[in-house]
Amino acid sequence: NNNQVLLEVSNLKVAYGGIQAVKGASFQVRQGELVSLIGANGAGKTTTLKAITGTQPAADGSIRFMGQDIKGQGAWDLVKQGLVMVPEGRGTFTRMTITENLLMGAYIREDAEVQADIDKVFSIFPRLKERALQLAGTMSGGEQQMLAMGRALMARPKVLLLDEPSMGLSPIMVDKIFEVVADIHSRGTTILLVEQNASRALGLADRGYVMESGLITMDGEAKALLNDPKVRAAYLGE
Ligand code: ATP
């Protein structure tokens, strides 16, 4: 079913000590969608992803994945179920090769198609194929972002969470990364994309949510948000 809600966050609240970073956020991601969550620095986007993936506890609200309540579950179990995040800053294994990093992404799997999936990742990222035996730590920032995305794909995500994949990259690499996000989506992966680059993120997305000070303040079709004067003024520098 193409309209099935895969990820449903309701009234999520997350605090760091006394600081309320997320104050009651609600949003949904449906099967096959690319949904962008945009917002300024410090709006609470990363914290939202951390709560979903179990790396930061939620103080309140509910998080449902494929119909199950997953609040409080650890990242390991969630990856096994198909909820996979590429964190901000990437977190590649710097002293391992590209291929070894990709194999780590498939660590949870017990099927026989891992090698075929490495070939698939190499077809999405020819750059990784060229450098299969290079140590990840010697790759450029953009290449490491590709590797982190490739590694996440090796877990066969049902929903892929991307945290600011374009951050800190050169303009050419930014183009490349957004191209690849669109490619991964067109191959059938459901994606929640967190980005400060609002125009690019909404340009690719089906739908979008705007986060401000820990709350979702706007949502809608991505094109409608892109044309919304308030979004344009606040996030597109107009
Ligand atoms: P960015 O794009 O800068 O990552 P963001 O929208 O992802 O922004 P968060 O990183 O989720 O925002 O931060 C939301 C708020 O929570 C900010 O005020 C931030 O200072 C605070 N915060 C984030 N991590 C911590 C932490 N580990 N301890 C205390 N406060 C934190």
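All residue numbers for the sequence shown refer to full-length UniProt numbering, where the first residue is 11 and numbers rise by one.
Note that the Cβ used here is the ideal one computed from N, Cα and C, for glycine as well.
Using the Cα positions of D216 and L44, report the straight-line distance between them to the nearest angstrom.
One alpha carbon belongs to D216, the other to L44, and they sit about 5 Å apart.
Could you check if R197 is buried or exposed, using at least 16 other CB atoms within 10 Å of its CB as the buried criterion?
exposed
Delimiting residues of the beta strand (DSSP E) encompassing A35
I29 to R40
Outcome for K240 when other beta-carbon atoms lying within 10 angstroms are tallied against a minimum of 16
exposed
When we look at the beta-carbon of R105 and count the other beta-carbons within 10 Å, is it buried (16 or more) or exposed?
exposed
Give a single yes or no on whether G52 has its beta carbon closer than 7 Å to a heavy atom of ligand 1.
yes
Straight-line CA distance for G101 to T58?
Their backbone Cα atoms lie some 18 Å apart in a straight line.
For E18, collect the residues of the same chain with a Cβ closer than 7 Å to its Cβ; drop the 5 residues on either side in sequence, then sort them by chain order.
Q38 and R74
Please classify Y245 as buried or exposed, where buried requires at least 16 other C-beta atoms within 10 Å of its C-beta.
buried
Nearest-angstrom Cα distance between M228 and A234?
11 Å
Taking A68 and K55 to be in contact with their CB atoms under 8 Å, please state how far apart those CB atoms are, rounded to whole angstroms.
Rounded, the Cβ-Cβ distance is 15 Å, inconsistent with contact.
E231 CB to nearest heavy atom of ligand 1 below 7 Å
no
How is T58 classed by DSSP in three states: helix, strand or coil?
helix
What residue from L163, G28, A126 and L172 has the CA that sits closest to Q206's CA?
Taking each of L163, G28, A126 and L172 in turn and checking the Cα distance to Q206, the smallest one comes out for L172.
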